[in-house]
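In terms of mature numbering (1 follows the signal peptide of the UniProt record, and there is no 0), the sequence shown is residues -18 to -1, 1 to 198. Below: the structure, in structure tokens.
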Amino acid sequence: MRLAAVLLTPLLATLTSGIELDFTVEIPAGTFQCYFQPVDINKHKTLEVDYQVIDGGDLNINFMILHGANMLIQDKMKVDGSHRLDLSLGGDYQFCFDNSFSFQSRKVVFFEVFLMNEHGQVDDVDMEKAASHDPQLEQNMKDLGVTIEGFRNRVSTIKAYLNKIEYHQAILRAHEIRDRSVMVANLDRVTFWSCTHTLVMLCVGGLQVILIVSFF
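What follows is the structure, encoded as structure tokens:
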């Protein structure tokens, strides 16, 4: 078991170096911004993009995925979205956020990009090529009743679970930020109107006092 524990750390470090990208970007009011991701069609077969607006205005934005001059996906005035594409062409893919309809409110957007192979995995690393054959190590593993194939399958399973955990944690963080932004915006709105109503009531009360005094 000690040998398995020693092997697990470097293998996990290698396995988790796949194409998983997440960003939090600010789109100023009246602007249109694009972000580029190169795709190697020999390695990547599926593209997945998740996004959500976590702060700013009414929490909506226009979103597009383009390849060259071709528009593959278009969302209008959405708070969030998730898209999955089967890739047939390599090159640079564009992820564009359009906030040109807003004159004052900037938008903060969290988005993730996943590039997956034909097995639906985000690994870019070939374990067979990354590994070096060590007869002594293989013999020690055999003595422990552990096979290379079995160990690799277990590590791949752990890695898949870690990917899911990381994905859901990122989504929960984005939801938390968005909920906090909505809460702060609502608090500011309530505070503003409360102060406005209080000021109006004081002014009306003062005018009433002045009118009553003027009668005597």
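Ideal placement from N, C-alpha and C gives every residue a C-beta, glycine not left out.
Legend entry - residue 200 classed as buried or exposed, judged by whether at least 16 other C-beta atoms fall within 10 angstroms: Because residue 200 is not part of the residues shown, which for the chain are -18 to 198, the question remains open.
Inset, instruction - Could you tell me the distance, in whole angstroms, from the CA atom of F18 to the CA atom of Q76? - result: 5 Å
Inset, instruction - Measure the C-alpha to C-alpha separation of G132 and S138 and round it to an integer number of angstroms. - result: 10 Å
Legend entry - Residue closest to R66, alpha-carbon to alpha-carbon, out of N24, V31, G187: V31
Legend entry - For D161, three-class secondary structure by DSSP: helix
Legend entry - Pair within 8 Å by beta-carbon distance, V35 and I43: yes
Inset, instruction - State the DSSP-derived secondary structure class of V182, mapped to helix, strand or coil. - result: helix
Legend entry - Supposed contact pair F5 and F93 - C-beta distance, whole angstroms, cut 8 Å: 6 Å
Legend entry - DSSP-derived helix/strand/coil call for E131: helix
Inset, instruction - May I ask which residues mark the beginning and end of the beta strand (DSSP E) holding Q34? - result: 28 to 37
Inset, instruction - Please list, in chain order, all residues of the same chain as A152 whose beta carbon is under 7 Å from its beta carbon, the five residues on each side excluded. - result: D4, E94
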